[in-house]
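Enquirer: Using this note's numbering, you'd call the opening residue of the sequence shown number 22 and step up by one each time. We treat Cβ as the ideally placed atom computed from N, Cα and C, and that holds for glycine. Remember, predicted model here, so these are calculated numbers, not experimental data. Please find one structure pasted underneath; my questions will follow.
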Amino acid sequence: METESNQLEVLEGSVHTLKNCGFPPLFFEVWGDYMKELIPKRTELMNFVQQRLGYKTVMYGELCIAQHPDNQIFEISYSKAAGLSMTRLK
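What follows is the structure, encoded as structure tokens:
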């Protein structure tokens with residue numbers, strides 16, 4: 022689904038669905054520091070995902086991979102040498 026800078030609004034409207042679906046993993050784009058006008062919204066988005074929804078996040082460039090501790094599906098690791106690695110756990 023394309024949200025084009027409306028990720029926060031989509032997630033705010035999806036809280037009950039996310040809970041009812043067992044907190045599935047989320048993959049979404051966030052904006053880099055070069056989009057200065059969106060930095061406050063990016064901060065609000067990340068706070069919402071981490072604090073309100075309880076997801077743990079991994080950043081890979083502008084891609085955010087978020088998993089809830091109650092439904093961890095991937096083992097994710099990242100290093101500059103090896104890059105991003107994802108292993109499915111279940």
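Which value, in whole angstroms, describes the spacing of the CA atoms of L39 and Q88?
Expert: Between L39 and Q88, the C-alpha separation is close to 11 Å.
Enquirer: Just list the residues that DSSP pairs I112 with in beta bridges.
Expert: Coverage of the chain is limited to positions 22 through 111, which leaves residue 112 absent and any answer about it impossible.
Enquirer: Out of A102, L74, L84, point me to the one whose CA is closest to D91's CA.
Expert: D91 has its Cα closest to that of L74, out of A102, L74, L84.
Enquirer: Tell me the DSSP secondary structure of L66 in three-state form.
Expert: Note: L66 maps to helix in three-state DSSP.
Enquirer: Checking the sheet assignment: what are the DSSP bridge partners for Y99?
Expert: Partner(s): L105.
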